[in-house]
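Chains as they are written, first to last, in this note's numbering: chain A, 1 to 346; chain B, 1 to 346.
Every residue gets a Cβ at the ideal spot worked out from N, C-alpha and C, and that includes glycine.
Take a look at the structure below.
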DNA sequence: TTGCCTGCCGAAAACGTTTTCGTGTTAAAA
DNA sequence: TTTTAACACGAAAACGTTTTCGGCAGGCAA
């Protein structure tokens with residue numbers, strides 16, 4: 001088991017200086033062809049590769065992107081990572097992943113771990129707890145130390161940085177309008193508490209669609225779930241809540257849910273009650289997930305384009321990293337959603 | 001936008017040497033209490049944190065684990081990462097992720113990118129293409145350079161390293177036995193081509209269960225899919241193949257599939273043919289996935305415990321990294337599977 | 001006074017690179 | 001023969017740490 005070979009060792013073996021070896025390997029014209037070939041042959045033989053850490057220290061850049069997401073066992077976030085990784089790799093960057101598990105503390109600790117030289121910039125989506133606490137000092141601190149941040153999906157206006165989002169309001173408005181056009185008049189909304197920005201925005205879209213179509217709002221049709229931790233208990237609680245929702249409102253003929261699992265559970269409850277989908281009642285969810293496609297009936301959804309979000313976020317970050325002068329203006333890229341119609345709608 | 005502060009800057013500001021600052025911050029007894037307090041106060045004020053890269057270079061260890069997986073948009077792999085990240089973070093390590101996308105070249109390139117000092121060790125699951133080509137030189141090379149590797153799930157015996165696997169044969173044998181005990185006599189198998197190690201092993205389990213129960217093997221009941229790339233086309237092809245399988249064999253009363261999606265698709269086909277699940281036909285899949293739980297009917301599966309695999313793999317790797325002497329013996333941890341019975345079986 | 005110990009601090013090396021700047025040799029030009 | 005230029009290479013600094021070693025001053029004992 002030989003250790004990785006270094007310039008110093010090559011230099012010693014070949015009885016030249018370290019500088020000569022380095023230059024020879026980079027094909028510097030300063031070095032005679034003889035020496036160059038000799039060094040390169042030796043390096044190839046011993047499979048020499050420059051030590052990344054040494055390069056990072058010297059160049060003061062790591063060619064690594066830090067990604068902090070609330071959870072990874074989640075189709076949307078996995079897609080985003082996949083997109084980030086795609087462009088990062090294409091442009092010579094690595095991706096280092098931190099999970100906040102929706103916890104403020106873990107988010108802060110994870111960022112601190114990475115911010116001390118390990119990475120060149122962050123791509124992140126804010127944890128629910130952070131959104132609830134509204135404590136964003138760690139973001140501002142990181143930015144003020146000259147490390148760029150790109151936020152995606154769950155963003156917050158108070159922080160000045162590049163962002164990649166979807167138009168949540170528009171997306172859900174379109175979905176609800178679709179239900180209305182399909183004849184639904186009593187459309188239930190299953191959403192999250194308002195501190196989750198995307199939940200709030202999607203709720204707004206629902207309200208706007210109703211308003212535009214002059215359908216009176218029935219607040220009894222709105223179910224706001226508190227899902228700080230997404231445990232098994234939560235699923236059971238969710239089911240119970242939905243059952244009560246249906247019990248309270250016999251006339252529900254459409255359901256719009258702000259994520260996949262809410263919609264799937266609602267369909268399950270409806271089926272148990274003997275309702276025909278999409279005959280008696282129609283459903284639309286919000287996400288990219290794999291569940292929607294394979295559910296029975298398959299679920300119509302507003303697609304979030306997670307992969308594309310990841311790609312855009314990575315591009316934004318790397319462009320900024322590779323810019324010579326500091327670009328002081330920040331962009332917010334809005335990705336278009338589109339409605340994927342499947343069997344749960346007419 | 002001030003840059004991150006360094007020891008040198010603190011030293012200059014306070015008119016002491018760099019060594020003194022370093023020692024003062026680490027509470028060395030060599031430094032007078034006066035100086036210590038002064039330095040620490042200043043460091044705190046400027047929020048000093050040691051540069052990780054410099055530490056890595058000096059200590060010749062990065063406290064970072066490299067993970068290479070075939071894809072991340074996959075419930076099982078996401079779970080594994082989640083497990084790795086859990087114990088890595090607990091023990092002060094970061095996790096850097098590379099995706100091979102089931103491609104040999106990307107696997108090699110990704111490993112090369114990380115092996116040059118960026119990480120202390122690898123945790124990986126081999127890509128399908130690599131398994132097919134049976135070219136493992138990059139693993140051996142990495143290991144011979146003193147960088148430990150832990151393989152999980154898709155492993156290969158030729159490589160000498162720590163491994164974390166499940167007993168695929170036993171798991172599938174149990175599943176098929178369950179079907180047999182539930183009265184199935186014509187059990188179809190939907191599996192992958194044999195070069196995928198786990199597919200081959202699970203196929204073996206199927207054969208063993210039949211043999212033990214003296215059920216004659218009908219090779220017409222076995223469908224081996226080639227899924228080099230998991231595209232949309234593949235899903236369509238899969239459906240067609242399954243339809244033909246059912247058409248050829250009218251008496252199928254049980255299906256065992258080596259992954260989740262195969263099982264779900266098979267259920268879909270069966271339902272389309274008007275078969276009652278689990279009355280006319282029963283299904284068991286193999287995985288951890290979210291689809292199984294929410295499918296209709298929900299799918300009984302052999303659970304792979306991805307999270308636990310990740311935790312075990314990370315523990316194995318970090319233990320080895322932190323061992324003083326080189327431990328020459330390698331372990332293979334076998335994680336017990338268990339059958340999760342849901343609605344698709346009696 | 002001399003010698004020694006102790007407390008406090010700084011110089012320097014090391015990790016592995018790249019790059020700037022010198023320096024010595026040789027051949028060509030004056 | 002002397003000057004100059006081209007050529008080939010090496011020394012050293014720098015990135016930011018930690019740590020070893022040495023040194024200086026002061027206090028105390030002999």
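inquiry  = I need the DSSP call for residue 178 of chain A, collapsed to helix, strand or coil.
reply    = helix
inquiry  = Given a cut-off of 7 Å on the beta-carbon distance, is the pair residue 171 of chain A and residue 122 of chain A in contact?
reply    = no
key: Interfacial residues, the region 59-79 of chain A to chain B, with Cβ spacing under 8 Å   = 62, 64, 71, 72, 73, 74, 75, 78, 79
C-beta contact flag for residue 292 of chain B and residue 343 of chain B at 7 Å = no
message = Cβ closer than 8 Å: which chain B residues qualify as neighbours of residue 97 of chain A?
response = 81, 85, 95, 96, 97
ask   = Just the Cα atoms here: how many angstroms apart are residue 317 of chain B and residue 126 of chain B?
value = 17 Å
inquiry  = With a threshold of 7 Å on Cβ separation, who are the neighbours of residue 38 of chain A within its own chain once the five nearest residues in sequence on each side are excluded?
reply    = 14
task = Give a yes or no on whether 7 Å exceeds the smallest Cβ distance from residue 264 of chain A to chain B.
result = yes
ask   = Can you find a CB in chain A that lies within less than 7 Å of the CB of residue 118 of chain B?
value = yes
ask   = Just to confirm, are residue 25 of chain B and residue 54 of chain B a CB contact at a threshold of 7 Å?
value = no
Same chain only: Cβ atoms within 8 Å of residue 331 of chain B, ignoring 5 sequence neighbours per side = 162, 163, 316
ask   = Which residue's Cα is closest to the Cα of residue 224 of chain B: B/310, B/244, B/329?
value = B/244
query = Once you ignore the five residues that flank residue 31 of chain A on each side, which residues in its own chain have a CB closer than 7 Å to its CB?
reply = 20, 23, 24
ask   = Given 8 Å as the limit, is there contact between the region 59-76 of chain A and the region 80-88 of chain B, that is, 3 or more CB pairs closer than that?
value = yes
message = I'd like to know if residue 342 of chain A contacts chain B, where contact means its C-beta is closer than 7 Å to some C-beta of that chain.
response = no
key: Against chain B: residues of the region 35-57 of chain A by CB proximity under 8 Å   = 47, 49, 50, 51, 52, 53, 54, 56, 57
Residue nearest to residue 263 of chain B in terms of C-alpha spacing, selected from B/336, B/112, B/96, B/238 = B/238
task = Grab me the residues of residue 5 of chain B's own chain with a C-beta within less than 6 Å of its C-beta, minus the 5 sequence neighbours each way, in chain order.
result = 46, 48
ask   = Leaving out the 5 sequence neighbours to the left and right, which residues in its chain are closer than 8 Å to residue 59 of chain B when beta-carbon positions are compared?
value = none
query = residue 282 of chain A to residue 259 of chain A, Cα distance in whole Å?
reply = 15 Å
task = Give me the Cα-Cα distance between residue 29 of chain B and residue 41 of chain B, rounded to the nearest whole angstrom.
result = 17 Å
query = What residue from B/189, B/215, B/212, B/213 has the CA that sits closest to residue 203 of chain B's CA?
reply = B/189
ask   = What residues from chain B crowd round residue 295 of chain A, counting only those whose CB sits closer than 8 Å?
value = 294, 295, 296
message = Quick test of your reading: residue 341 of chain B and residue 300 of chain B, contact by CB under 8 Å. State the CB separation rounded to the nearest angstrom.
response = 5 Å
task = Compare the C-beta of residue 418 of chain A with all C-beta atoms of chain B and state if any pair is closer than 7 Å.
result = Residue coverage of chain A in this structure runs from 1 to 346, which leaves residue 418 of chain A outside it and unanswerable.
task = Taking residue 180 of chain A as the reference, give the member of A/114, A/89, A/211, A/276 with the closest Cα.
result = A/211
task = Provide the residue(s) that pair with residue 270 of chain A in DSSP beta bridges, ordered along the chain.
result = Answer by DSSP bridge pairing: none, since residue 270 of chain A is not bridged.
ask   = residue 275 of chain B touches chain A at which residues, Cβ-Cβ below 7 Å?
value = Ordered by position in chain A, no residue passes the 7 Å Cβ test against residue 275 of chain B, which lies about 14 Å from the chain.
query = In terms of residue numbering, what span does the alpha helix (DSSP H) encompassing residue 315 of chain B cover?
reply = 306-322
query = Is the distance from the Cβ of residue 69 of chain B to the Cβ of residue 77 of chain B below 7 Å?
reply = yes
task = Measure the CB-CB distance between residue 166 of chain B and residue 287 of chain B and report whether it falls below 7 Å.
result = no
task = Using a Cβ cut-off of 8 Å, pull out every chain B residue sitting near residue 3 of chain A, in sequence order please.
result = 145, 146
query = What does residue 347 of chain B reach in chain A if we use C-beta pairs closer than 7 Å?
reply = Residue 347 of chain B falls outside the range modelled here, since chain B spans only 1 to 346, and no answer is possible.
Residue 250 of chain B versus residue 242 of chain B - alpha carbon distance = 12 Å
task = Using a Cβ cut-off of 7 Å (strictly closer), state whether residue 133 of chain A contacts chain B.
result = no
ask   = Going by DSSP, what residues sit across from residue 94 of chain A in a beta bridge?
value = A/64
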